[in-house]
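Report on the structure given below.
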């Protein structure tokens, strides 16, 4: 439970381990702001839900009653948080999402057309006497 997530009024999620006295989170109705009344206490304890049985209705998500379809017993103690909220209202608690490890995407080089065609070791073969200026051939130019 210390890694359970609570939604804050700003829309972000805060881990149960990061809550402190005065922290603000949203109630299960998504509008009421609750405040942590006492510093959360970590406890290693057995969480007993002996009264629950398959077919019982439990509140899930946005106050939707859902029938319990299975029960899983986890042997050994679990670390839990004891948290008091002011006012005392139900809160929505989320599990951290599963994640994957990714290396990202390799950037491709930008292709520049003609990059390898630019005078790569070539010399200009145009000779100076072959240059011409339009309309200046002998006989066409006059002062």
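Residue numbers (the working numbering): 1 to 143. Heads up, the beta-carbon is just placed ideally off N, CA and C, and yes, glycines get one too. Model, not experiment: these values are computed from the prediction.
query                                                                                                                                                               : result
Which first and last residues belong to the beta strand (DSSP E) in which residue 15 is found?                                                                      : 13 to 15
Just how far apart, CA to CA, sit residue 58 and residue 100?                                                                                                       : 31 Å
Tell me the rounded alpha-carbon separation between residue 53 and residue 72.                                                                                      : 11 Å
Note down the Cα distance separating residue 33 from residue 5, rounded to an integer number of angstroms.                                                          : 16 Å
Could you tell me the alpha carbon to alpha carbon distance between residue 55 and residue 70, rounded to whole angstroms?                                          : 8 Å
Bridge partners of residue 5, per DSSP?                                                                                                                             : 15, 94
Have a look at 104, 96, 109 and flag the residue whose alpha-carbon is nearest the alpha-carbon of residue 14.                                                      : 96
Leaving out the 5 sequence neighbours to the left and right, which residues in its chain are closer than 8 Å to residue 43 when beta-carbon positions are compared? : 79, 80, 81, 82
According to DSSP, simplified to helix, strand and coil, what is residue 108?                                                                                       : coil
Helix, strand or coil, according to DSSP, for residue 32 in the structure here?                                                                                     : coil
Residue 65 lies in the beta strand (DSSP E); which residues open and close that run?                                                                                : 64 to 67
Thinking just about the alpha-carbon of each residue, which of 8, 3, 77 is nearest to the one in residue 24?                                                        : 8
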